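Chemist:
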Amino acid sequence: MPELIDAHTHIYPRSYIDLLKARTTIPRVTEHEGSEYFVIFAHEEDAGPGGGRAFDAEYTSIDLKLEHMDRNRIDRSVVSVGNPWLDPFNGDDSPQIARDLNAELAGYETQTGGRVVGMGLLPSNTVADAVAVAQEIAATDGLYGVIIGSRVCGLSLDDEALEPLWQAIDEVGLTVFLHPHYSAAAEELRGFGHALPVSVGFPFETTIALARFIFAGVLHRHPGLRMLVAHGGAAVPTLAGRMDAAWRSDPTTHERLPAPPSDSIARLYLDLVVYQERSMRLVEDTAGLSKLSYGTDNPFSVSDPVVNGAALESAFGAAEREAIAEGTRHLFGLPDEGTGQR
Numbered sequence: 001m002p003e004l005i006d007a008h009t010h011i012y013p014r015s016y017i018d019l020l021k022a023r024t025t026i027p028r029v030t031e032h033e034g035s036e037y038f039v040i041f042a043h044e045e046d047a048g049p050g051g052g053r054a055f056d057a058e059y060t061s062i063d064l065k066l067e068h069m070d071r072n073r074i075d076r077s078v079v080s081v082g083n084p085w086l087d088p089f090n091g092d093d094s095p096q097i098a099r100d101l102n103a104e105l106a107g108y109e110t111q112t113g114g115r116v117v118g119m120g121l122l123p124s125n126t127v128a129d130a131v132a133v134a135q136e137i138a139a140t141d142g143l144y145g146v147i148i149g150s151r152v153c154g155l156s157l158d159d160e161a162l163e164p165l166w167q168a169i170d171e172v173g174l175t176v177f178l179h180p181h182y183s184a185a186a187e188e189l190r191g192f193g194h195a196l197p198v199s200v201g202f203p204f205e206t207t208i209a210l211a212r213f214i215f216a217g218v219l220h221r222h223p224g225l226r227m228l229v230a231h232g233g234a235a236v237p238t239l240a241g242r243m244d245a246a247w248r249s250d251p252t253t254h255e256r257l258p259a260p261p262s263d264s265i266a267r268l269y270l271d272l273v274v275y276q277e278r279s280m281r282l283v284e285d286t287a288g289l290s291k292l293s294y295g296t297d298n299p300f301s302v303s304d305p306v307v308n309g310a311a312l313e314s315a316f317g318a319a320e321r322e323a324i325a326e327g328t329r330h331l332f333g334l335p336d337e338g339t340g341q342r
């Protein structure tokens with residue numbers, strides 16, 4: 001059987017939850033009648049006590065993560081802290097918070113016999129500190145990449161001030177996982193619980209951030225930079241041709257991006273958290289089998305590993321699924337299956 005590796009799966013260490021519980025504004029974790037709730041959208045805050053989404057042990061427990069993996073025949077997982085990462089914690093203590101959490105995440109590999117490994121977190125106070133921590137993550141056993149949102153240190157991904165970070169990440173060979181948090185068009189998507197922000201707002205947040213990143217020429221300047229994009233690359237696979245047409249029609253974009261956007265898009269790695277066979281085939285057409293990674297988005301409510309797993313097996317035969325697994329091992333520098341050797 002092909003190895004099944006979950007590259008899009010989250011965990012929230014209790015020390016991180018305590019930081020969110022100390023906050024009085026979103027994003028935060030609230031407690032009501034003995035239960036915890038994760039509040040990230042303004043309309044959830046409006047609901048009053050008990051608003052937000054129930055935040056149970058599945059979000060925090062490595063043992064429950066392993067049980068989830070066993071139920072869904074997942075061999076290994078590359079876990080990341082879910083949003084909002086350290087975006088709300090941008091004070092002088094942000095680098096130490098990042099280092100403490102990264103040390104905990106790095107310990108999962110030994111704790112689980114290699115079945116679960118972690119991605120690191122960046123501080124959000126200064127670019128210089130983010131560069132230093134990125135270099136530390138790359139040198140830390142047990143950490144296999146770094147997760148970021150659509151902003152780093154409060155800056156959009158195309159901001160020139162982030163150039164030292166992209167340079168450092170390229171040089172040390174650190175894989176970046178791009179994941180949304182804020183939701184595009186949040187006001188326009190109100191009134192349907194979290195369904196529209198999660199299904200539409202999150203992917204379009206990613207699409208906008210990634211388009212700016214591409215048009216700014218970051219991937220063109222750093223062709224060795226490896227970026228895995230959540231949710232199948234959002235709308236970018238569908239919009240790639242239109243982005244090329246817009247680039248051709250507007251010469252003012254050529255100074256920062258001298259080649260068509262599709263050249264940069266072809267360098268992306270895309271996950272398969274898309275839930276449909278035909279959507280997976282579109283993602284494959286964009287990236288190629290070797291640049292795909294399976295994911296479940298566990299433990300969020302939108303996660304549906306049964307449906308997504310069935311779509312994976314419908315879309316790809318055993319040899320193709322093994323090619324996906326091999327690509328994921330290469331992307332993160334994971335040990336070969338059963339050997340412990342990178």
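If you read the sequence shown in the working numbering, its first letter stands for residue 1, the second for the next number, and so on.
Ideal placement from N, C-alpha and C gives every residue a C-beta, glycine not left out.
In this text, all values refer to a predicted model and were calculated from it rather than measured experimentally.
By the three-class DSSP mapping on this structure, what secondary structure does V274 have?
Modeler: Counting from 1 along the sequence shown, the entry for residue 274 is found at position 274. Of the three classes helix, strand and coil, the one that applies to V274 here is coil, per DSSP.
Chemist: Give me, in chain order, the residues of the same chain whose beta-carbon lies closer than 7 Å to that of T339; leave out the 5 immediate sequence neighbours on both sides.
Modeler: By one-based count along the sequence shown, residue 339 stands at place 339. Residue placement at T339 is poorly supported in this model, since its pLDDT is 44, which falls under 50; the coordinates still yield a value, given next. If the five residues before and after T339 are omitted, its C-beta is found closer than 7 Å to no C-beta atom of its own chain.
Chemist: Here's a check: name, in chain order, each residue in its chain whose Cβ is nearer than 6 Å to the Cβ of T175, leaving out the five neighbours to either side.
Modeler: On the sequence shown, residue 175 is found 175 positions in, with the first residue counted as 1. Hits under 6 Å: G145, R226, L331, F332.
Chemist: Could you tell me the alpha carbon to alpha carbon distance between Q341 and V81, rounded to whole angstroms?
Modeler: If you number the sequence shown from 1, residue 341 lands on position 341. If you number the sequence shown from 1, residue 81 lands on position 81. Low per-residue confidence applies at Q341: pLDDT is 41, beneath 50, and the placement is therefore not dependable, though the value from the model is reported in the following sentence. Whole-angstrom Cα-Cα distance: 25 Å.
Chemist: How is S264 classed by DSSP in three states: helix, strand or coil?
Modeler: For the purposes of this step, residue 264 is taken as the residue at position 264 of the sequence shown. Helix at S264.
Chemist: Looking at the unbroken alpha helix (DSSP H) that takes in A68, where does it start and where does it end?
Modeler: Position 68 of the sequence shown holds residue 68. In the sequence on display, residue 68 carries His and not Ala. H68 -> alpha helix (DSSP H) spans 62 to 71.
Chemist: Distance check for Q276 and S303, CA to CA, integer angstroms please.
Modeler: The residue given as residue 303 occupies position 303 in the sequence shown. The residue given as residue 276 occupies position 276 in the sequence shown. When rounded, the distance between both Cα atoms is 13 Å.
Chemist: Do Y59 and P258 count as a contact pair if the criterion is CB distance below 7 Å?
Modeler: Walking along the sequence shown from the start, residue 258 turns up at place 258. Walking along the sequence shown from the start, residue 59 turns up at place 59. No.
Chemist: Report yes if the CB atom of M119 is closer than 7 Å to the CB atom of I148, and no otherwise.
Modeler: Stepping through the sequence shown from its first residue, residue 119 is reached at position 119. Stepping through the sequence shown from its first residue, residue 148 is reached at position 148. Going by C-beta atoms, M119 is not nearer than 7 Å to I148.
Chemist: Taking the alpha carbon of L178 as the reference point, which residue from A185, H220, L122, T252 has its own alpha carbon closest?
Modeler: Walking along the sequence shown from the start, residue 178 turns up at place 178. Of the listed residues, the one whose Cα sits closest to L178 is L122.
Chemist: Per DSSP, what are the beta-bridge partners of I5 in this structure?
Modeler: One-based indexing of the sequence shown puts residue 5 at position 5. R76.
Chemist: Would you list, in sequence order, the uninterrupted alpha helix (DSSP H) runs of no fewer than 4 residues that lie entirely inside the segment 194 to 276?
Modeler: 202 to 215, 218 to 221, 236 to 249, 261 to 265
Chemist: Flag this pair as yes or no: are the beta carbons of P2 and A311 separated by less than 7 Å?
Modeler: Counting from one through the sequence shown, the residue named residue 2 turns up at place 2. Counting from one through the sequence shown, the residue named residue 311 turns up at place 311. No, Cβ-Cβ distance for P2 and A311 is not below 7 Å.
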